[in-house]
Structure formats: C-alpha cells, structure tokens
Amino acid sequence: MNDATLNGDIRAALREAIALLHAARVDAPTTTARLLLAHVLDKPKEWLIAHGEAQLDAAARQRFGALLQRVAAHEPLAYVLGHREFYGLDLIVDRRVLIPRPETEMLVELALDELRRGAGLGSAGFSVLDVGTGSGAIPIAIAKHAPNARILATDISRDALAVARLNAERHAVADRITFLAADLLDGIAALPPILTANLPYVTREEIEGLPPEIQAHEPRVALDGGADGLELVRRLLAQIAARLDAPACASALRAAFLEIGAAQGPAALAAARAYLPRARSAIRKDLAGLDRVLVVRFYDCDE
Ligand SMILES: C[S@@+](CC[C@H](N)C(=O)[O-])C[C@H]1O[C@@H](n2cnc3c(N)ncnc32)[C@H](O)[C@@H]1O
35 MNDATLNGDI RAALREAIAL LHAARVDAPT TTARLLLAHV LDKPKEWLIA HGEAQLDAAA
95 RQRFGALLQR VAAHEPLAYV LGHREFYGLD LIVDRRVLIP RPETEMLVEL ALDELRRGAG
155 LGSAGFSVLD VGTGSGAIPI AIAKHAPNAR ILATDISRDA LAVARLNAER HAVADRITFL
215 AADLLDGIAA LPPILTANLP YVTREEIEGL PPEIQAHEPR VALDGGADGL ELVRRLLAQI
275 AARLDAPACA SALRAAFLEI GAAQGPAALA AARAYLPRAR SAIRKDLAGL DRVLVVRFYD
335 CDE
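The sequence shown maps to residues 35 to 337 in this note's numbering.
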C-alpha cells in the first residue's frame with residue numbers, strides 16, 4: 035500500500051488498512067490498524083471512531099502507509115510504535131531490545147516484596163542486581179516503586195544498555211540505576227541482597243518454530259537459551275555459588291528470582307539444588323498456572 039491507494043477519510047483508510055493486514059495474516063487487524071493511525075495522528079484510538087469523516091492529509095497518509103507496510107511484513111507492533119507498556123510504565127523499545135512481556139512483571143512483584151521485608155544495601159551499595167536487563171524494564175519498575183532502592187543492571191549487549199539508559203532517564207530513575215556491560219556476573223564480586231534475571235530461555239529448537247514477529251525481529255541474544263534453554267540459567271547459578279563460597283563471603287544475597295519457561299520448572303529446580311545445595315529453592319507459578327520463576331533463598335553468610 036502507498037499513499038496513492040489510501041482514501042481520503044479516516045473510515046475509508048482504516049477499512050483499507052484492515053483488509054491489508056488481514057491479507058498479511060497479522061493478528062487483530064482492526065485494533066492494529068486503529069493503533070497505527072492513532073499513533074500517526076497523535077490522537078487516542080477513540081478519537082478515530084468519533085471522527086471517521088475527517089480527511090487525512092498527504093503526510094499522514096504516507097506515514098500510515100509506511101507503518102502498515104512494516105506491520106504487514108510482520109515487524110512487531112511495539113517496534114513500529116516505538117514503545118510498550120510494562121508494569122504501568124511506557125518504555126521505549128526497538129530492535130536492540132526484547133519487547134518486555136507481561137509475565138516478567140512477576141519478577142518485579144517478587145523483588146518489591148523482598149524490599150518491603152527490609153532487604154538493605156549490600157557492600158557495593160546496591161539493593162538489587164538485575165542480570166540481562168534489556169530495555170531496563172525490571173530495574174526501572176522496581177526503582178519507580180521503591181524510592182530507596184539502588185540497582186545495578188547488566189547486559190551483554192551494549193545496544194540494549196543504550197535503550198535501558200534512555201528509559202531510565204525518561205522515568206527519572208537514572209540516578210539510582212547503574213548500567214554495566216557484562217557477561218552474567220563477570221566483574222561483579224559482591225552480590226546485593228536481591229538478584230533478578232530474565233535471561234534468554236528459549237531452546238534452539240523452539241526458536242525455529244517462533245512466529246516471524248519474534249524470530250526475525252527480536253535480538254537472537256535475547257532469546258537463545260542454548261540446547262535446553264537453561265544454559266545461561268545454569269551458568270548464572272554456578273557464578274552465584276562461586277561468590278557465596280568465596281572465603282570472605284562478601285555476598286549479602288538473600289534471594290534470587292530467575293524467570294524460566296513453562297516447561298523448565300523441574301530442570302531449573304534440579305539445577306538450583308545441584309549448584310546451591312544449602313539454599314532453599316522452589317518454583318513459582320504465574321497467573322496462568324504455569325511454572326514461571328525459580329526462587330532461590332540463601333543462608334546468611336555467617337551461618
Ligand atoms: C529475555 S531478554 C530479557 C530482557 C529484560 N530483562 C526483560 O525482561 O524484558 C534477555 C536479555 O539478556 C541479555 N543477555 C543474553 N546473554 C547474556 C549474558 N551472557 N550476560 C548478560 N546478559 C545477557 C540479552 O542481551 C537480553 O537483553
């Protein structure tokens with residue numbers, strides 16, 4: 035579709051756009067077309083319904099056509115719109131970061147509960163470490179709801195960290211979040227009381243079967259969890275164990291919350307018990323009743 039084929043008023047342009055998205059087998063074509071046009075016109079979706087007769091100018095038609103082409107080519111809607119809501123916060127997203135998923139909000143809830151129970155600051159001055167921070171969704175949501183929290187957020191992708199920094203500034207929490215490029219815990223000696231991580235956990239085989247919106251557009255480094263999806267989770271557990279067993283016992287770690295795939299509960303639990311035999315590990319289910327978070331609670335260092 036180009037601007038020449040889009041008709042002049044909103045109702046007609048939407049009708050044409052819905053037909054195009056439907057033919058391209060895009061999910062929810064009506065809602066998607068309305069969201070895109072509302073974005074182009076910088077108006078709420080409801081405004082479009084009430085103003086179906088309003089004429090679209092040439093610039094709006096051209097922009098709408100260009101965005102429609104991207105969605106019809108199965109680019110995720112969040113990338114095309116440039117943002118996604120997470121835990122009530124509007125976050126900038128683009129192809130440098132995974133689009134935050136609603137199920138990850140559970141990690142934020144668990145960390146906030148732990149902070150309310152009085153987790154203080156570790157020796158490095160942080161209350162939370164978020165590993166594999168992506169868009170910064172987890173630390174930003176925690177910082178917004180826990181005004182005293184100081185958070186260290188890491189990612190192996192410098193591109194992702196650039197987006198996370200933008201989001202932290204946008205939500206006025208950049209002064210309480212330190213972003214660091216690191217492979218898991220490399221270079222981090224002392225762990226704070228709380229650790230959160232939504233690391234890649236899709237198996238190599240599953241990646242091939244993902245919808246094109248995910249497979250062809252979201253960063254591979256944000257998806258690929260290795261042969262069984264748990265390679266990074268296991269490496270992280272091993273690194274945590276090494277820090278807890280260090281002679282000086284510099285870690286203040288009380289609890290770690292690691293997001294996992296719905297089919298990974300038993301294997302993740304077995305890994306946690308193998309690497310961290312003195313900790314108490316359990317699997318928490320999400321609202322859909324699916325295994326979602328590996329919770330590991332730690333002994334005190336002087337025990
Ligand atoms: C599934 S995404 C999650 C992003 C974000 N935490 C969220 O929930 O939206 C996983 C993130 O882990 C990062 N990552 C992958 N391998 C890593 C590693 N070895 N060390 C640190 N971060 C890594 C990716 O770059 C990506 O941003």
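Ideal Cβ positions, reconstructed from N, Cα and C, are used throughout, including at glycine.
The structure presented is a predicted model; accordingly, all values stated were derived computationally and were not measured.
Distance from the CA atom of A206 to the CA atom of H179, rounded to whole angstroms, is 12 Å.
In this structure, ligand 1 has no non-hydrogen atom nearer than 7 Å to the beta-carbon of I222. Note on S157: under 16 other CB atoms within 10 angstroms of its CB, so exposed under the neighbour-count rule. 8 Å or more divides the Cβ of V142 from the Cβ of Y113. In the DSSP assignment, the residues bridged to K319 are D325. The count of Cβ pairs closer than 8 Å, one atom from the region 45-61 and one from the region 92-108, reaches three, so the stretches are in contact. Selection V329, A215, R288 evaluated against L225 yields R288 as nearest (Cα-Cα).
Fully enclosed alpha helix (DSSP H) runs of no fewer than 4 residues occupy 238-242, 246-249 of the region 197-260, in order along the chain.
With 16 or more other Cβ atoms from the protein chains shown falling within 10 Å of its own Cβ, A198 counts as buried. Beyond the five residues adjoining it in sequence on each side, Y235 comes within less than 8 Å, by CB distance, of G259, G263, L264, L266, V267, E293, I294, G295, Q298 in the same chain, given in chain order.
At a cut-off of 7 Å, the beta-carbon of G295 does not count as near ligand 1: no heavy atom of the ligand is closer than that. By the Cβ-count criterion, E247 is buried, with 16 or more other Cβ atoms from all chains shown falling within 10 Å of its own Cβ. A106 has its alpha-carbon roughly 50 Å from the corresponding atom of L278. By the Cβ neighbour-count rule, I83 is exposed, with fewer than 16 other Cβ atoms within 10 Å of its own.
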